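The structure under discussion appears below in the form of structure tokens.
Number of protein chains: 2
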Amino acid sequence: MNNKIPLLLRAMRGEQIDRIPFWYMRQAGRYLPEYNEIRRGKSFIEVMENPDHAFEISMQPLRRFQMDAIIMFSDILTPIRAAGIPLHFEEKKGPVLEKTVQSEADLDIFRNFDAAKACPYVVEILQRLRAEIEPLPSRPALLGFAGAPFTLASYLIEGGSTQKFEKTKACLFKDTELFLRLSDVLADLTIEYLKMQFKAGADAVQIFDSWGGILSPAHYAEFSAPFTKRIIDAIRQAGKPVILFVGNGSHLLGQMNGQKPDAISLDWRITADQALSQVDSEIALQGNMDPLVLYGTPERTRKETLKVLEAFGRRSRYIFNLGHGIHPASGLDNVQAMVETVKSFKLA
Amino acid sequence: MNNKIPLLLRAMRGEQIDRIPFWYMRQAGRYLPEYNEIRRGKSFIEVMENPDHAFEISMQPLRRFQMDAIIMFSDILTPIRAAGIPLHFEEKKGPVLEKTVQSEADLDIFRNFDAAKACPYVVEILQRLRAEIEPLPSRPALLGFAGAPFTLASYLIEGGSTQKFEKTKACLFKDTELFLRLSDVLADLTIEYLKMQFKAGADAVQIFDSWGGILSPAHYAEFSAPFTKRIIDAIRQAGKPVILFVGNGSHLLGQMNGQKPDAISLDWRITADQALSQVDSEIALQGNMDPLVLYGTPERTRKETLKVLEAFGRRSRYIFNLGHGIHPASGLDNVQAMVETVKSFKLA
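If you read the sequences in order, they're chains A and B.
Sequential numbering of the first sequence, starting at 5, is according to my numbering.
Sequential numbering of the second sequence, starting at 5, is according to my numbering.
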């Protein structure tokens, strides 16, 4: 057993492991008092683009819960802003883009993206995180990430968060060519962005197709899958591992499997049986716990965590995670109960 | 062939039909200029609880598109307001409840609900609609509806619309007993409310579990299915047909099937193959078209409509519908293209 290779990576490869690795999406965030302390009086972008703050925030959950991966503190819109779309984040509302994509001419700024030059702070955050965790006895994996072209494109068309995706879908069905070309340049940009992250020290990356699940299976095949597939192929050809997450995407699992990522991150809208029957055994699975269980009691949290572990633990290549980012009012006692349950779960 | 029985009901029963019946959710609504005309200067509640306005609005789409069903113009929160929860509707924001359910004591107002007495305008709307359509040569079906207990309960706990359902899920996992008892009294209220609708002239009813899809399969089984099942059983025991819709519920289809409604309304997040393989042949299927296709072009609309018809037309017991309510900016030319495509589709 090679302790120098992080447990999470060994689990993804299907190597023999003695416990299930875990981390959780948005683990560096508002449910942690120490995060709110750093954020006080500063904007989201101020801390995210400042390597001191972003390093510290990325490390916070590890110090408290010793998970098996840390993920750099950043946002999927970071490369979009770096490419030249001014945007800011508003409390409760999320990102507000000051420019949207309306025509072919608007695509030029995404071309020939030089990730290290555009996002030097991302390089520095990853390098410092890697240096910090490298000497740890059983070091966690370092994760980078990027948004999927479909998800980035919908932000660029809507100008921010939306519930209904009316502008995005109007574009899909009316300006189909524009949407496809936008997704294409965003796929190139994302490949460049993720390769930079590996160079800076990431062990693996996760692609967040946060909004992919709003699409029907046929429209996902037309408007999202070809572009995440291209990214996955490029990363795997470079010999690096990639995790695919499609928010609310349980109906797309067969197509996610077809893209052959190293791992698929599940939300909670699917049973283990449904997932196991649709995903090839050489692809790792991650997630499946409803993050809002953490709004309940430690007792219920333990029960729900155990159910997920028992359902997926019989499979090699499983990583415990939530089905979506942890919510800000999650009780720390519940998080603690979840973490303890995962750590003490014995693999047969 | 009995022309006195509406085509939609004959299709639900699996009788021989010569074309696929259709209607669409929220067909009486803001995409129609004549609807906006009536609404001008009046609140949603003012028109909904006024039988003259609600009758007229319910009839509007029929005059324009001759669908095979009309649905009474109302809202799933109508019986909640009638039971004594003050609420109003805000543009873009949706319903705002002035009281929420916090404890056992708050459940009393939902008990012993006398639907005809509490909602005399619903009785009158249905009676007038039935009288109006009865003499038509091939009359449309008259549909009533109600919200599912889970969906109504989440409004009562959140106090309005929400994207994240944080309060609802906190209640599920922390005050489990309260949530179950609330759902139980709401199931009783809903059975009474739907029986009143049949008495007033409805041919069939649809249960809208608009938010059921936020639940994992295990939590749906615990928190929603038992209550819609009880309603479905009561309606079917009374010899009447019932359609079940669970918004974003493709992962729950097996459980919806297990409740044995007369029909299941699908959203667009599922392929026809997936749906056909999970639903018993004696249960009708409805829907599956993404409503936002109507933000595209007539050409794309025709193509997408045809795809749905071809996929489901091989099955008897199919009703064409959208996968969710029609959106306000749907182009009338697109709606026209959809309707023409359905009407001219030849069953083999």
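Every residue, glycine too, gets a C-beta built ideally from N, C-alpha and C.
Being a predicted model, the structure only gives us computed values, none of them experimental.
Using the beta-carbon of each residue, which ones in chain A are nearer than 7 Å to B/Glu170? Counting from one through the second sequence, the residue named residue 170 of chain B turns up at place 166. Near B/Glu170 (Cβ distances below 7 Å), the residues of chain A are Leu296, Tyr299, His331 and Ala333.
Segment limits, beta strand (DSSP E) that includes A/Val75: Position 71 of the first sequence, counted from the start, is the residue given in the question as residue 75 of chain A. Sequence check: residue 75 of chain A is Ile here, not Val. Element bounds for A/Ile75: Ala73 to Ile75.
Hey, which unbroken runs of the alpha helix (DSSP H) at 4 residues or more fall wholly within the stretch 102-168 of chain B? 119-122, 124-137 and 153-162
Tell me whether A/Ser269 sits in a helix, a strand or coil according to DSSP, three-state version. What you label residue 269 of chain A is simply residue 265 of the first sequence in a count that begins at 1. In the structure shown, A/Ser269 sits in a strand (DSSP, three-state: E or B).
Per DSSP, which one or two residues make a beta bridge with B/Ser94? Within the second sequence, residue 94 of chain B is the residue found at index 90, counting from 1. The sequence shown places Glu at residue 94 of chain B, rather than the Ser named in the question. Answer by DSSP bridge pairing, in chain order: B/Gly98.
Listed by chain order, chain B residues near A/Ser142 by CB distance under 8 Å: Residue mapping note: residue 142 of chain A aligns to position 138 of the first sequence, counting from 1. The premise fails here: A/Ser142 is roughly 32 Å from chain B at the closest Cβ pair, so nothing lies under 8 Å.
Looking at the structure shown, is B/Glu344 part of a helix, part of a strand, or coil, going by DSSP? Position 340 of the second sequence, counted from the first residue, corresponds to residue 344 of chain B. DSSP places B/Glu344 in helix when its eight states are reduced to three.
At least one CB of chain B closer than 7 Å to the CB of A/Leu13: is that the case? Indexing the first sequence from 1 puts residue 13 of chain A at position 9. Chain B contact via Cβ: absent.
Rounded to the nearest angstrom, what separates A/Glu170 and A/Gly163 at their Cα positions? Taking the first sequence and counting its residues from 1, one reaches residue 170 of chain A at position 166. Taking the first sequence and counting its residues from 1, one reaches residue 163 of chain A at position 159. Straight-line Cα distance between these residues: approximately 12 Å.
Provide the residue(s) that pair with A/Asp211 in DSSP beta bridges, ordered along the chain. Locating residue 211 of chain A in the first sequence gives position 207, where the first residue counts as 1. Position check: residue 211 of chain A holds Ile in this sequence, whereas Asp was assumed. The partner list for A/Ile211 (beta bridge, DSSP) reads A/Ala150 and A/Leu248.
When you compare each of B/Lys178, B/Gln167, B/Ser228 and B/Ala87 to B/Thr155 by their alpha carbons, which one comes out closest? Against the second sequence, residue 155 of chain B aligns to sequence position 151. Residue B/Ser228 is the option with its Cα nearest to B/Thr155.
I'd like to check one pair, B/Asp277 with B/Gly327: are the Cβ atoms closer than 7 Å? Residue 327 of chain B sits at position 323 when you count from the first residue of the second sequence. Residue 277 of chain B sits at position 273 when you count from the first residue of the second sequence. Not closer than 7 Å, so no.
With H, G and I counted as helix, E and B as strand and the rest as coil, what does DSSP make of A/Tyr197? Counting from one through the first sequence, the residue named residue 197 of chain A turns up at place 193. In the structure shown, A/Tyr197 sits in a helix (DSSP, three-state: H, G or I).
Can you tell me whether B/Leu44 is buried or exposed? The criterion is at least 16 other CB atoms within 10 Å of its CB, across all chains shown. Here residue 44 of chain B refers to the residue found at position 40 of the second sequence. Correcting the residue type first, residue 44 of chain B is Arg in the shown sequence and not Leu. Under this definition B/Arg44 is an exposed residue.
In whole angstroms, what is the alpha-carbon distance linking A/Trp27 and A/Phe93? Here residue 27 of chain A is taken as the residue at index 23 of the first sequence, counted from 1. Here residue 93 of chain A is taken as the residue at index 89 of the first sequence, counted from 1. Cα-Cα distance, rounded: 25 Å.
Let's test the definition: count the other Cβ atoms within 10 Å of the Cβ of A/Gly258 and tell me whether it reaches 16, buried, or not, exposed. Position 254 of the first sequence holds residue 258 of chain A. It counts as exposed.
Between which two residues does the alpha helix (DSSP H) harbouring B/Gln259 extend? As a first step, residue 259 of chain B is located in the second sequence; it is residue number 255 there, counting from the start. Taken as a continuous stretch (DSSP letters only), the alpha helix (DSSP H) holding B/Gln259 covers Leu257 to Gly262.
Please confirm if the stretch 171-181 of chain A is in contact with the stretch 63-70 of chain A, defined as three or more CB-CB distances below 8 Å between the two stretches. no
Name the DSSP bridge partner or partners of A/Leu327? Here the question's residue 327 of chain A lines up with position 323 in the first sequence. For the sequence presented, residue 327 of chain A should be read as Gly rather than Leu. DSSP, once it has assigned bridges, lists no residue as partnering A/Gly327.
Per DSSP, the bridge partner or partners of B/Gln64: As a first step, residue 64 of chain B is located in the second sequence; it is residue number 60 there, counting from the start. DSSP lists no partner for B/Gln64.
Decide if the stretch 29-48 of chain B is in contact with the stretch 82-91 of chain B; the criterion is three or more beta carbon pairs, one per stretch, under 8 Å apart. no
To which residues of the same chain is B/Thr172 closer than 7 Å at the C-beta, ignoring the five residues directly before and after it? Taking the first residue of the second sequence as position 1, residue 172 of chain B is located at position 168. Excluding sequence neighbours, B/Thr172 sits near Ser158, Ile161 and Glu162.
Just curious, the beta strand (DSSP E) that A/Gly291 is in, first and last residue? Translated into the one-based positions of the first sequence, residue 291 of chain A becomes position 287. Per DSSP, A/Gly291 belongs to the beta strand (DSSP E) from Ala288 to Gly291.
If you reduce the DSSP assignment to three classes, tell me which class A/Phe69 lands in. On the first sequence, position 65 is the one that residue 69 of chain A refers to. In the structure shown, A/Phe69 sits in a helix (DSSP, three-state: H, G or I).
What residues are listed by DSSP as bridge partners for B/Phe26? By one-based count along the second sequence, residue 26 of chain B stands at place 22. B/Phe324.
Can you name the start and end residues of the alpha helix (DSSP H) that B/Gln40 belongs to? In the second sequence, the residue the question calls residue 40 of chain B occupies position 36. Checking the sequence, you will find Asn at residue 40 of chain B rather than Gln. Per DSSP, B/Asn40 belongs to the alpha helix (DSSP H) from Pro37 to Arg43.
Can you tell me whether B/Arg240 is helix, strand or coil according to DSSP? For the purposes of this step, residue 240 of chain B is taken as residue 236 along the second sequence, with counting starting at 1. In this structure, B/Arg240 counts as helix in the three-state DSSP scheme.
With distance defined between alpha-carbon atoms, name the residue in B/Gly335, B/Glu19, B/Val339 and B/Gly329 nearest to B/Asp79. Taking the second sequence and counting its residues from 1, the one referred to as residue 79 of chain B is at position 75. Closest option to B/Asp79, Cα to Cα, is B/Gly329.
Once you ignore the five residues that flank B/Thr194 on each side, which residues in its own chain have a CB closer than 6 Å to its CB? For the purposes of this step, residue 194 of chain B is identified with residue 190 of the second sequence, where counting begins at 1. Ala150 and Ile235, listed in sequence order.
So, B/Gly217 versus B/Gly253, is the Cβ gap smaller than 7 Å? In the second sequence, the residue the question calls residue 217 of chain B occupies position 213. In the second sequence, the residue the question calls residue 253 of chain B occupies position 249. The answer is yes: Cβ separation under 7 Å.
Excluding the 5 residues preceding and the 5 following A/Phe183 in the sequence, name in chain order all residues of the same chain whose CB lies nearer than 7 Å to its CB. For the purposes of this step, residue 183 of chain A is taken as residue 179 along the first sequence, with counting starting at 1. Taken in chain order, the residues that qualify are Ala157, Cys175, Leu176 and Phe227.
Is it right to say A/Ala15 is buried, meaning 16 or more other beta carbons lie within 10 angstroms of its own, or is it exposed? For this step, residue 15 of chain A is matched to residue 11 along the first sequence. Classification of A/Ala15: buried, given that the 10 Å Cβ count is 16 or more.
Residues of the stretch 220-243 of chain A with a CB closer than 8 Å to any CB of chain B: list them in chain order, please. Ser220, Pro221, Ala222 and His223
How about the stretch 291-308 of chain B and the stretch 333-347 of chain B: do they share at least three Cβ pairs that are nearer than 8 Å? yes
Can you give the Cα-Cα distance for A/Leu56 and A/Tyr35, rounded to whole angstroms? In the first sequence, the residue the question calls residue 56 of chain A occupies position 52. In the first sequence, the residue the question calls residue 35 of chain A occupies position 31. Note that residue 56 of chain A is Asp in the sequence shown here, rather than Leu. Straight-line Cα distance between these residues: approximately 20 Å.
Assuming B/Asp237 and B/Gly251 make a contact with CB atoms under 8 Å, what is their CB distance in whole Å? As a first step, residue 237 of chain B is located in the second sequence; it is residue number 233 there, counting from the start. As a first step, residue 251 of chain B is located in the second sequence; it is residue number 247 there, counting from the start. Actually they are not in contact, since the Cβ atoms of B/Asp237 and B/Gly251 sit about 22 Å apart, beyond 8 Å.
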